[in-house]
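Taken in order, these protein sequences are the chains called A and B.
For the first sequence, position 157 (counting from the first letter as 1) is numbered 157 according to my numbering, and the numbering increases by one without interruption.
For the second sequence, position 90 (counting from the first letter as 1) is numbered 1090 according to my numbering, and the numbering increases by one without interruption.
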Amino acid sequence: MTFSIDDTEVSHFPGIAMNYPINNPDTGPDMAFARSLTPVVLTSSVDVQFAANGDTFATLVIRDYGAFGTINITVTAGRKTYSLGPLRLPVDNGYGLPAAGWYVNGVHIDGARLTATGDDDTAGGAVGSDDAVTGDGFSNFEEFRGFVVAAGYVRLNPREKDIFVDVDPEFLLGSAVTSPVPLLLTLTPRILYLEPTEVSGQDQLSRNLLRTQGVVDPNRDTLPIAHTRAQRAVRLIYQSAFPPAVHLAGPNIDVPVWEIGYLGATFSDDILNIDVLNAPGNLATIETPMRTQFSEVYPRTWTNLAVNTTFTYPFHYDANGNVVPRCTFQGETGCDFWDTTNLLIIPSLQDNAWGILYTVPDPAHDPVEHYSLQARDCSSDSAVLGGLTTIQMEQVKGLIAAHEMGHAMHMDHVRDFATDCGDMMFDDEALPPQRRAMSNYVPQPSGFSANDQAMIRLWQP
Amino acid sequence: MDQSKPVILSIAILLVAVVAQSSTLTLSIEHHVAVVNREAQQKLLRAVFTGEPLIANVKLDVYALPQLPSTRAHLEELSRLSRKSWWRELRWDVRNAAGVGQSVHPRLVSASVRERGPNALNSVDRTTSVACTSYDGTFDLGHFDSGDYSVQVTVDGVESPRFPLAVRTGSEPEVRDVYLQEKARKTRDWTTFKALELERVQLDPTKAAALLELAQRSLEFGTLEETSSYFDRAAATMQQNVRDWARMNPVDAKKQTPGVEKTVAQIRALQRVLPEYFAHREEWRVTIDSATGQYVITTRDTNQFIRRVE
């Protein structure tokens, strides 16, 4: 009895899953018969003797989570030969997917009417008349074939959007108030956290940017796909040491982003120069994950905005323990401004645009002291005495991370102060210091709004 | 048949060995930023001047995250670090542009260790989702000769990113403006300040920042005539700069132009009250309302509001 697989009828997908392995994925046949299992010897054709009990079998080895192939069996009895098959495995639904469907977290996915090249995930909160309202960038076949996520294997639900994220561990290390994780849970799409080895990205070492433009389905050659572009992870980088700069055109100087109060930024593929945010040739565009390189959060900015104090202690100190003088005139350097009305110490603005805060909080002398920022209230648009509280400042870390990740999912700013203040994506994009943005207003958002989610788009032609 | 495909799928769940990522070790070095042209593109140069000490901050967070199993790498070795002398275990690697290792003797300036986590004793330490030991150290690396370097620190198999550093004397054209600006920022002497800022303008007549800084300090120490002149030149140069910028990056210029126009309008308004201000300079000072960005005049002794400059 001979079991055989026609090499032209078996899949040869790279690797074994959409993102495994990332490097040098093998493109050999995805099904083979085992001539021996110890050691493993594989073959396209194997002869076996009839078993005495009538259950004659051969061992078929499946070498890819999306493998398919056609098996032929020939039986030779005396001088006659009988053919069984061809038998396609897995049994096809007629559209390139298993008729039996598959399971995701114990839930059966009915594959009866799914096509392999479709991208049928429901809108999941996205609103609009364009095609990209539905779909998450993966074909139904890619979702069936599955991914390696956090060192385990998963298939996906082709009717619910999935978003892969690759975040620096600092964002997961932070407690719930500083983390974007609880905020991302307010999104309808499912969020999957990837290990660094599960993304095929590019390292840009001049700013220690690792795994930018990180593709999550690199093993898609010869697969039934839905989109020309590969899908990328939403990449969030904790940029503590290598922030970019901004060119201030009027004064004609370049300053690091933290000196002008940038808390985070998202880089689409239209940002060609990653060192200077607004370098000639760079275009600030909002794109889907497919055309977004990465998002960054700049922790240094949190310690350069303001210090809340009661001014009851006469001296304020820098990080080295030296007294920081109070600025006495506009543009003075080496000192900080004391806003005694709002109980804040703020940087002395240089060139009416940028500044360095020297004072560090000193709770030993004034228990109130903490890093803060000039905040206002959504209801009255009036200044909040002392700016943000300690916990609100911590929450801004998670909020900015989530805000930037929102941009990477095609969410733009919502700009109407009357209706959008307090929204995760609120920013009226006015000029500083009149600019009104989510980070400067209370109450703070508790998650993404329906308006934010309406803007989600996960793929583009 | 190709036998190289490494994994045979016979079970539903695959456990994959991941390459070690680990607890986080970061290195940052205090520096100045200059934008330079390299290979027809603007690049950031992280510069330290030869007269300045190299101050490095090392931060090591030791933890393991359940969401990222790879963070467990090196945890055992790292958990054995001594609270008192952990910094002695750091290995410094300084290389010049040719990749040649440089001798370095870091001097510890300060060090601290914090036990953080959801169950930390002090509420201020409950800032992480899992138990985390945070080591923080500041080091003086001394003075380096002029040149390009990269600095890296490692401990128990964990590496920091390499920090690229350009050590310069301050006379090099690509960092001269930053050098002068930094010296000006540190001096409180008007004559020295003026000389430094005027050199910036001489080297680059489009450097409106220097003219604006001159004008603002001149409000305190200069004459009425020179103050007004600096403001005039600053305003005109800023307007020209943004027009030039519109040719290089029209979209960004559109965003920045209203801000420049507003600053110029404020300068013009301030110039109109300069004679009155200079007549009262001993009692008055010019400052900025942080909420509106407008110039305001207040009294020097009690910070009493005199007028908004509009």
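Cβ atoms here follow ideal geometry from the backbone N, Cα and C, with glycine treated the same way.
Item: Given 8 Å, three or more beta-carbon pairs between the stretch 32-45 of chain A and the stretch 59-66 of chain A; Value: yes
Item: Cβ of A/Gln350 within 8 Å of any chain B Cβ; Value: yes
Item: B/Val1153 and B/Trp1245 closer than 8 Å at C-beta; Value: no
Item: Residues of its chain near A/Phe417, where Cβ-Cβ distance is below 7 Å and the 5 sequence neighbours each way are ignored; Value: Asp428, Arg436
Item: Runs of beta strand (DSSP E) lying entirely within the stretch 155-237 of chain A, each at least 3 residues, in chain order; Value: 162-167, 190-193, 200-204, 209-215
Item: Contacting positions in the stretch 5-18 of chain A - beta carbon closer than 7 Å to chain B; Value: Ile16
Item: A/Asp452, buried or exposed, once every other Cβ within 10 Å from all chains shown has been counted against 16; Value: buried
Item: Closer than 8 Å to chain B by CB, A/Gln395; Value: no
Item: Top-ranked residue by Cα proximity to A/Arg376, from A/Phe3, A/Gln444, A/Phe448, A/Asn19; Value: A/Gln444
Item: Cα-Cα separation between B/Asp1145 and A/Gly386, rounded to whole angstroms; Value: 45 Å
Item: Supposed contact pair A/Asp217 and A/Gln231 - C-beta distance, whole angstroms, cut 8 Å; Value: 5 Å
Item: Residue range of the beta strand (DSSP E) that includes A/Ile109; Value: 107-109
Item: Beta carbon proximity, A/Phe417 to chain B, threshold 8 Å; Value: no
Item: Per-residue contacts from A/Phe329 into chain B (C-beta, under 7 Å); Value: Leu1219, Glu1220, Arg1285, Val1286, Thr1287
Item: Minimum Cβ-Cβ distance from B/Trp1245 to chain A less than 8 Å; Value: yes
Item: Burial state of B/Asp1252 (16 or more Cβ within 10 Å); Value: buried
Item: Inter-residue Cα distance where the pair is A/Asp366 and A/Glu160; Value: 52 Å
Item: For B/Ile1267, the three-state DSSP class (helix, strand or coil); Value: helix
Item: Interface partners of B/Gln1067 on chain A, CB under 8 Å; Value: Ala150, Leu172, Tyr193
Item: CB of A/Gly66 within 8 Å of CB of A/Ser11, strictly; Value: yes
Item: Collapsed DSSP secondary structure at A/Ser446 in the structure displayed; Value: coil
Item: Chain B contact residues for A/Asp178, given Cβ-Cβ distances below 8 Å; Value: At residue 178 of chain A the sequence reads Thr, which differs from the Asp that was named. Result: Thr1127.
Item: Start and end residues, beta strand (DSSP E) containing B/Ala1056; Value: 1055-1062
Item: Distance between A/Ser295 and B/Glu1220 (C-alpha atoms, nearest Å); Value: 43 Å
Item: Own chain partners of A/Trp304 with C-beta closer than 6 Å, once the 5 adjacent residues on each side are dropped; Value: The sequence as given places Asn at residue 304 of chain A; Trp does not occur at that position. Excluding sequence neighbours, A/Asn304 sits near Trp258, Leu357.
Item: Residues that DSSP places opposite A/Trp459 in a beta bridge; Value: Answer by DSSP bridge pairing: none, since A/Trp459 is not bridged.
Item: Beta-carbon spacing of A/Thr359, A/Asp336 below 8 Å; Value: yes
Item: Check whether A/Gly334 and B/Arg1083 have beta carbons under 8 Å apart; Value: no
Item: Beta-bridge pairing of A/Phe50 - partner residues as DSSP gives them; Value: Per DSSP, none; premise fails for A/Phe50.
Item: Burial state of A/Ile391, where buried means 16 or more other Cβ atoms lie within 10 Å; Value: exposed
Item: C-alpha gap between B/Thr1299 and B/Arg1307, whole angstroms; Value: 10 Å
Item: Contact check, B/Val1130 vs A/Leu173, beta carbons under 8 Å; Value: yes
Item: Integer Cβ distance of B/Ser1028 from B/Asn1057, believed to fall under 8 Å; Value: 5 Å
Item: A/Leu458 beta carbon less than 8 Å from that of A/Thr288; Value: yes
Item: A/Arg88 classed as buried or exposed, judged by whether at least 16 other C-beta atoms fall within 10 angstroms; Value: exposed
Item: Residue-chain proximity (B/Val1019, chain A), Cβ-Cβ < 8 Å; Value: In this prediction, B/Val1019 scores a pLDDT of 42, lower than 50, which makes its location untrustworthy; the coordinate-derived value is nonetheless stated afterwards. Yes, its Cβ sits closer than 8 Å to a Cβ of chain A.
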